[in-house]
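Going by the numbering used here, the first residue of the sequence shown is number 40, and it counts up by one from there.
Contents: one structure, followed by commentary.
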Amino acid sequence: MIPGPIEFEPDVLQAMSMATTSHVAPDFIEVFGNSLELMREVWKAPKGQPFIVAGTGTLAMDMAITNLIEPADNVLVISSGYFGKRFQDILSRYGANTTILEAPVGEVVPIEDIEKALKNKPYKALTMTHVDTSTGVLIDPKPIAKLAKKYNVLSILDGVCSVAGETLQQEEWGIDVVLTASQKAVGVPPGLALLMASEKAIQVWQNRKTPVCNYYADWSNWLPIMKAYEARKPSYFGTPAVNLVVALETSLKIICNEGIDKRVKRHQKLASAFRKAIAALHLEILPKSNNIAANTLTAVFYPKGIDGTALRSKIASSNVIIAGGLLSEIKNDYFRIGHMGSVSVNDLLAVLGALERALIELEYPIANGESLQVFLQEL
Ligand SMILES: *Cc1c(COP(=O)(O)O)cnc(C)c1O
């Protein structure tokens with residue numbers, strides 16, 4: 040129950056175990072081409088250019104920045120945690136001038152502050168994190184993307200903990216890049232960087248004055264490959280992660296069969312009931328209010344007087360694996376529970392049961408079954 044890698048569907052794992060074919064085998068070309076097409080459905084970006092490249096979510100972030108940003112470009116970084124700041128690190132490495140707007144822990148950057156910053160200085164791009172996995176804070180990318188359009192600024196969304204789990208309409212909202220990694224809500228073992236670029240993003244990349252200074256991530260190398268697979272033609276730049284791509288197609292089909300809107304609703308319903316259950320135990324979540332709380336994971340403060348390590352190890356002895364804190368300032372003060380992908384009512388009942396038992400063993404005053412009842416009632 041950690042926020043990635045998540046639990047994978049048996050069919051996805053079975054797809055991983057297929058005999059590895061050539062990357063130019065007709066069957067594999069079909070699988071790759073179909074995966075690119077299915078991505079447009081999940082991202083809601085019918086005119087977007089999808090990329091599937093072996094690597095992690097960080098590579099997808101790197102790819103967005105290295106292709107769109109040139110030295111001395113101004114970029115506005117909107118951060119609600121650990122992963123927001125990672126964009127600043129990447130941008131600095133490529134010589135961009137960054138301005139960071141950092142939300143206090145558990146909050147989002149107010150839209151007025153974003154507009155003030157955009158008015159103040161011409162920016163080439165802005166970056167934002169849909170769900171910051173370190174805090175469990177969810178932002179609304181729609182008004183930010185609208186402001187980006189108004190000030191003619193490219194918008195780049197880190198959707199690693201949101202794509203296929205939170206509401207997203209890339210094209211309608213006008214976001215230029217939405218990126219993710221396979222192991223989170225997309226539901227495929229770690230190893231694929233997934234990215235969708237708008238027509239405008241591709242134009243900006245085509246009009247750059249300096250070469251892309253990252254060889255592996257350069258779209259000049261990958262765009263012809265993506266186009267070839269979609270045209271069902273053989274091509275080669277770097278050997279694709281064949282088995283992972285087969286698993287990706289399987290998972291994208293599962294997502295589209297459930298229906299992306301229905302899937303997001305399932306995440307919202309489970310997450311909202313889970314937060315109520317957590318509140319019933321008098322535990323506090325990191326996000327300052329429920330309307331900025333993610334539906335893909337929940338970050339919870341340890342109650343006063345309870346040792347975090349002891350709590351986590353007691354929970355683990357019930358065979359429930361949860362994650363510790365990630366944000367360095369408060370790393371030892373909270374824990375995180377992932378609930379994305381194939382997550383079910385039963386999974387969260389197991390988490391709440393294990394959490395209650397651990398708390399009771401540590402003499403935290405709650406009645407047995409309290410959160411389970413609230414959770415079931417809310418559903
Ligand atoms: C997990 C995560 C990343 C990094 O992805 P890796 O695959 O670990 O490189 C980036 N951003 C967010 C929001 C994430 O949750």
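Yeah, the Cβ is synthetic: ideal placement off N, Cα and C, and Gly gets one too.
Quiz item: For I324, which beta-bridge partners are listed by DSSP?
Solution: V339
Self-check item: Cβ-heavy atom distance, T166 to ligand 1, below 7 Å
Solution: no
Quiz item: What residues come near ligand 1, if near means a beta carbon less than 5 Å from any of its heavy atoms?
Solution: T95, G96, T97, F122, T172, D197, V199, C200 and A220
Quiz item: Is it true that the CB of S410 sits closer than 8 Å to the CB of A349?
Solution: no
Self-check item: Limits of the alpha helix (DSSP H) - the one that A332 falls within
Solution: Here A332 belongs to no alpha helix (DSSP H), and DSSP marks it neither H nor E.
Quiz item: With C-beta atoms as the reference, is V170 less than 8 Å away from A355?
Solution: no
Practice problem: Return helix, strand or coil for G123, following the three-state DSSP convention. | Solution: helix
Practice problem: Return the first residue and the last residue of the alpha helix (DSSP H) that V284 is part of. | Solution: V281 to E297
Exercise. Taking D197 as part of the beta strand (DSSP E), name the residues at either end of that continuous run.
Key: L193 to D197
Self-check item: For M379, three-class secondary structure by DSSP
Solution: coil
Quiz item: Cα-Cα, which of L320, G380 and L52 is closest to G408?
Solution: L320
Quiz item: Is it true that the CB of L418 sits closer than 8 Å to the CB of G377?
Solution: no
Quiz item: Are S381 and G226 close, meaning C-beta to C-beta below 8 Å?
Solution: yes
Quiz prompt | Buried/exposed call for Y254, threshold 16 Cβ in 10 Å | solution = exposed
Self-check item: CB contact flag (L177, L115, <8 Å)
Solution: no
Practice problem: Leaving aside the five residues before and after E288 along the sequence, list all residues of the same chain whose C-beta is less than 6 Å from its C-beta, in chain order. | Solution: V70, N73 and S74
Quiz item: Between the stretch 139-151 and the stretch 92-105, do three or more beta carbon pairs fall short of 8 Å?
Solution: no
Exercise. Within its chain, find whatever has a CB closer than 6 Å to the CB of Y190; leave out the 5 residues flanking it on each side and keep chain order.
Key: L157
Quiz item: What distance in whole Å lies between the Cβ atoms of I129 and I104, which are believed to be in contact at a cut-off of 8 Å?
Solution: 5 Å
Quiz item: Quick one: Cα of I331 to Cα of E402, how far?
Solution: 31 Å
Quiz item: Is it true that the CB of V192 sits closer than 8 Å to the CB of L233?
Solution: no
Quiz item: Is it buried or exposed for N106, if we count other Cβ within 10 angstroms and need 16 for buried?
Solution: buried
Quiz prompt | Counted within 10 angstroms of its Cβ, other Cβ atoms place D197 as buried (16 or more) or exposed | solution = buried
Quiz item: What does E141 pair with, by DSSP beta-bridge criteria?
Solution: S118
Quiz item: Can you name, in chain order, every residue of its own chain whose Cβ lies under 6 Å from the Cβ of L98, other than the five neighbours on each side?
Solution: A232
Exercise. Might you give, ordered along the chain, the residues of its own chain that have their beta carbon closer than 6 Å to the beta carbon of D50, omitting 5 neighbours on each side?
Key: T289
Practice problem: Return the Cβ separation of V303 and G204 in integer angstroms, given the expectation that the two are a contact with Cβ distance under 8 Å. | Solution: 7 Å
Quiz item: What number of angstroms, rounded off, separates the C-alpha of P250 from the C-alpha of K292?
Solution: 37 Å
Quiz item: So which of Q245, V144 and E395 has the shortest CA-CA distance to K124?
Solution: V144
Exercise. Check whether the Cβ atoms of Q88 and M379 lie closer than 8 Å to each other.
Key: no
Quiz prompt | K160 to E238 span [Cα, whole Å] | solution = 25 Å
Quiz item: Can you list, in chain order, the residues of its chain whose CB lies under 8 Å from that of K83, leaving out five sequence neighbours each side?
Solution: L207, Q208, Q209, E210, E211 and I299
Quiz item: Going by C-alpha distance, which of P110, D112 and M100 is nearest T168?
Solution: M100
Quiz item: From L387 to L398, what does the alpha carbon distance come to, in whole angstroms?
Solution: 16 Å
Exercise. Consult DSSP for D460 and reduce its assignment to one of helix, strand or coil.
Key: Nothing in the structure corresponds to residue 460, since the chain is present only between 40 and 418.
Quiz prompt | Cβ neighbours of I345 in the same chain (closer than 8 Å, five flanking residues each side left out) | solution = L398, L401 and Y403
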